[in-house]
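Chemist: Residue numbers (the working numbering): 31 to 476. Have a look at this one.
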Amino acid sequence: MVLFLRLGYVPAPYSIYENIYKLPPGHLLTVSAPGARASARPYWCVRRIVETGTQNRFRGDIHEAADQMELLLRDSVRLRMLADVPVGAFLSGGIDSSLIAAMMQAQTTSTVKTFTIGFTEVSHNEADYAKQIAQHLGSEHTDLCLSPRDALDIIPLLPSIYDEPFADPSQIPTFLVSQLARQTVTVSLSGDGGDELFGGYNEYLVGTQRWRLLRSLSPVLRFLIREGVKGINVFANGANGRFRKLEQLLKVTTPEALHHHHVSQWMWPVDLVPEASEHLTAFTDPGLYANGLNATERMMYMDLVTYLPEDILTKLDRASMAVSLEARVPFLDYRLVEFIWRLPLDFKIHRGQAKRILRSILTRYVPPRLFERPKMGFDLPLGQWLRGPLRPWVEELLDATKLRQQGVFNPMPICQAWMQHLHGRQNRAKELWGILMFQAWQQKWM
31 MVLFLRLGYV PAPYSIYENI YKLPPGHLLT VSAPGARASA RPYWCVRRIV ETGTQNRFRG
91 DIHEAADQME LLLRDSVRLR MLADVPVGAF LSGGIDSSLI AAMMQAQTTS TVKTFTIGFT
151 EVSHNEADYA KQIAQHLGSE HTDLCLSPRD ALDIIPLLPS IYDEPFADPS QIPTFLVSQL
211 ARQTVTVSLS GDGGDELFGG YNEYLVGTQR WRLLRSLSPV LRFLIREGVK GINVFANGAN
271 GRFRKLEQLL KVTTPEALHH HHVSQWMWPV DLVPEASEHL TAFTDPGLYA NGLNATERMM
331 YMDLVTYLPE DILTKLDRAS MAVSLEARVP FLDYRLVEFI WRLPLDFKIH RGQAKRILRS
391 ILTRYVPPRL FERPKMGFDL PLGQWLRGPL RPWVEELLDA TKLRQQGVFN PMPICQAWMQ
451 HLHGRQNRAK ELWGILMFQA WQQKWM
């Protein structure tokens, strides 16, 4: 439960159910005889691939690397287009999905079907850019602009889609675009995996800068600053969580711990669950860290073994299979992953810009003017929805008496967070979404 509140998902090998464990990605389970103890072992070890790749770096220049990677990615796309049912692609207008759609269209005489959704209330979505790229590629493009009501109608269905509590708000648009695609195709290719493999998240840039700053502070100076911040927090009666977060940040001693700090939804989830403790994960167990990586690569590796399989791929799989759509992910072909981890970081992140090599390849298919822009993605107005049309639902699930009777959560910090959010003092939407998804899931299944 504590891990779910922190991360928005329950990481393997744990599950939300007592004494039930999940098989980690890339593992197989062996049962030798009836009643015998089952044993799990990896058949493809990401850590070994990453460490081997960094010890055997690619020695050519970026143009040679782009040529090789283009061949590998085209073949991966070709293999995932093989089906005896109609195949299409999700197209957000970003670099990753645009490259997948471009390579699909380049390898078939048929017209590829592409799909995008946008929201009328969202200030930044890429539906218009996706349409321009689809026109350039010549794909048969379907886009659907949805109202907040369309998205809100999906929320009661979410507990039925996920077998465990799951709290990534982009589960809503992922389900809706899957639903749209299933009207025409049975298989859809996705650009997921590109951010984790090519440094697409802003946290890698911010995290690297913060790590350099933290490393420049001596242990004594860190201690003095931390004690000063602690005193301010006590004087302010803990009213401003920023001081507590800064105090926590100053305790960070590894890039993995820093990235853990950045991706946490609730910074202190043990405050919410009486008598609970937090299990070790890939973030907090040094025995699971990969060796031979620089600070940025260590953060990327963390996402590769945690966020990608536990959040991104879980979200994609559950949302697509809920409408009987099979989603396939060309970027995660094992040959590609092994090659990508041989590439120098500079081929991925260059002068503050992510996905350098992907941009280089995409220019062979799409003019840069159509894709060179800041990363957007779906920016759901979740905070507004919680204060507005979803408020009755929120207040029913977060009722202090109900929380107390259930005995799972300490109601006080949850109710405080809701009041802060409701009155606009802080945007606590992401933290509250985790509690709401657990409550809705529990209401459905327990």
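The beta-carbon is built from N, C-alpha and C at its ideal position, and this holds for glycine as well.
Just reading off the beta strand (DSSP E) that Ile-147 is part of, what are its end residues?
Modeler: Element bounds for Ile-147: 143-149.
Chemist: Is the beta carbon of Pro-43 less than 7 Å from the beta carbon of Leu-33?
Modeler: In this structure, Leu-33 does not lie closer than 7 Å to Pro-43 by Cβ.
Chemist: Check whether the segment 157-165 and the segment 248-258 are in contact - that is, three or more C-beta pairs closer than 8 Å.
Modeler: With a cut-off of 8 Å, the segment 248-258 and the segment 157-165 do not count as touching, because too few Cβ pairs lie within range.
Chemist: Would you please state the rounded distance, in angstroms, between the beta carbons of Ala-96 and Ile-391? I believe it to be under 8 Å.
Modeler: So it is a contact: roughly 5 Å between Cβ atoms.
Chemist: Short check: CB of Phe-149 to CB of Ala-211, under 7 Å?
Modeler: Not a contact, by the Cβ cut-off of 7 Å.
Chemist: Quick one: Cα of Leu-362 to Cα of Gly-223, how far?
Modeler: The alpha-carbon atoms of Leu-362 and Gly-223 are separated by roughly 6 Å.
Chemist: Hey, quick one: how far does the beta strand (DSSP E) through Asp-173 stretch, first residue to last?
Modeler: Here the beta strand (DSSP E) through Asp-173 covers 170-176.
Chemist: If we require 4 or more residues per run, which alpha helix (DSSP H) segments fall completely within the segment 266-344?
Modeler: Correct list: 271-279, 285-293 and 325-335.
Chemist: Using the DSSP secondary-structure output, state which residues sit across from Val-217 in a beta bridge.
Modeler: Val-117 and Glu-356.
Chemist: Report the option in His-309, Ser-190, Leu-247 and Ile-387 whose CA atom is closest to the CA atom of Lys-281.
Modeler: Of the candidates His-309, Ser-190, Leu-247 and Ile-387, the one whose C-alpha sits nearest the C-alpha of Lys-281 is Leu-247.
Chemist: Sort out for me which residues DSSP pairs Ser-69 with in a bridge.
Modeler: BP columns for Ser-69 point to Thr-60.
Chemist: Are the segment 232-241 and the segment 284-291 touching, with three or more C-beta to C-beta distances below 8 Å?
Modeler: The answer is yes - the segment 284-291 touches the segment 232-241, with three or more Cβ pairs under 8 Å.
Chemist: Could you check the C-alpha separation between Val-303 and Val-424 for me, to the nearest Å?
Modeler: So the two alpha carbons sit approximately 19 Å from each other.
Chemist: Specify whether the segment 438-452 and the segment 307-321 touch according to this definition: at least 3 beta carbon pairs, one from each stretch, less than 8 Å apart.
Modeler: Touching, no, given that fewer than three Cβ pairs across the two stretches are closer than 8 Å.
Chemist: Taking the DSSP output, what are the residues bridged to His-380?
Modeler: Gln-383.
Chemist: What does the alpha-carbon distance come out to for the pair Val-142 and Glu-170?
Modeler: Distance between the alpha carbons of Val-142 and Glu-170: 6 Å.
Chemist: With distances taken between CB atoms, is the gap from Pro-360 to Arg-104 smaller than 7 Å?
Modeler: Taking 7 Å as the Cβ cut-off, Pro-360 and Arg-104 do not qualify as a contacting pair.
Chemist: Do the CB positions of Leu-102 and Leu-366 come within less than 7 Å of each other?
Modeler: Yes; because the gap between Cβ atoms is below 7 Å, this pair is in contact.
Chemist: Is the Cβ-Cβ distance between Ser-350 and Ser-200 less than 7 Å?
Modeler: Contact flag unset, no.
Chemist: Please state the DSSP three-state secondary structure of Ser-140.
Modeler: In the structure shown, Ser-140 sits in coil (DSSP, three-state: anything other than H, G, I, E or B).
Chemist: Within 10 angstroms of the Cβ of Leu-428, are there 16 or more other Cβ atoms? Answer buried if so, exposed if not.
Modeler: Counting Cβ neighbours within 10 Å, Leu-428 comes out buried, since at least 16 surround it.
Chemist: Does the beta-carbon distance from Ser-69 to Thr-82 come in below 7 Å?
Modeler: No. Outside cutoff.
Chemist: Near Gly-322, which residues of its chain fall below 7 Å by C-beta distance, leaving aside the five closest residues on each side in sequence?
Modeler: Contacts found: Glu-81, Thr-84 and Gln-85.
Chemist: Report all residues from its chain with a CB closer than 8 Å to the CB of Val-300; omit the five preceding and five following residues, and keep chain order.
Modeler: These residues qualify, in order along the chain: Val-32, Ala-306, Ser-307 and Glu-308.
Chemist: So the candidates are Arg-87, Gln-473, Arg-328 and Asp-180; which of them puts its Cα closest to the Cα of Gly-229?
Modeler: Here the closest residue by C-alpha is Arg-328.
Chemist: Using only the alpha-carbon positions, how far apart do Ile-465 and Leu-35 sit?
Modeler: Rounded to the nearest angstrom, the two C-alpha atoms are 7 Å apart.
Chemist: If you draw a straight line from the C-alpha of Arg-358 to the C-alpha of Ala-320, how long is it?
Modeler: Near 27 Å, if we compare the C-alpha coordinates of Ala-320 and Arg-358.
Chemist: Going by C-alpha to C-alpha distance, which of Leu-227, Ile-370 and Phe-205 sits closest to Ser-218?
Modeler: Of the candidates Leu-227, Ile-370 and Phe-205, the one whose C-alpha sits nearest the C-alpha of Ser-218 is Phe-205.
Chemist: Within a Cβ cutoff of 6 Å, which residues of the same chain sit near Phe-88, ignoring the five residues on either side of it in sequence?
Modeler: Counting only Cβ-Cβ distances below 6 Å, and skipping sequence neighbours, we find Ala-95, Arg-372 and Leu-373.
Chemist: Compare the Cα-Cα distances from Ser-122 to each of Leu-254, Trp-471, His-453 and Leu-400 and report the closest residue.
Modeler: Closest by alpha carbon: Leu-400.
Chemist: Tell whether a beta-carbon distance below 7 Å holds between Ala-197 and Met-467.
Modeler: Their beta carbons are under 7 Å apart, which means Ala-197 touches Met-467 by this criterion.
Chemist: Would you please state the rounded distance, in angstroms, between the beta carbons of Trp-74 and Tyr-364? I believe it to be under 8 Å.
Modeler: The pair is a contact, with the Cβ atoms about 6 Å apart (cut-off 8 Å).
Chemist: Roughly how many angstroms separate the alpha carbons of Thr-326 and Gly-221, rounded to a whole number?
Modeler: Their backbone Cα atoms lie some 22 Å apart in a straight line.
Chemist: Are the CB atoms of Tyr-395 and Ala-132 nearer to each other than 7 Å?
Modeler: Closer than 7 Å, so yes.
Chemist: Assign Phe-377 to one of two classes, buried (16 or more other C-beta atoms within 10 Å of its C-beta) or exposed (fewer than that).
Modeler: Buried.
Chemist: My understanding is that Met-99 touches Ile-379, with C-beta atoms under 8 Å, so please give their C-beta distance in whole angstroms.
Modeler: About 16 Å; that fails the 8 Å criterion.
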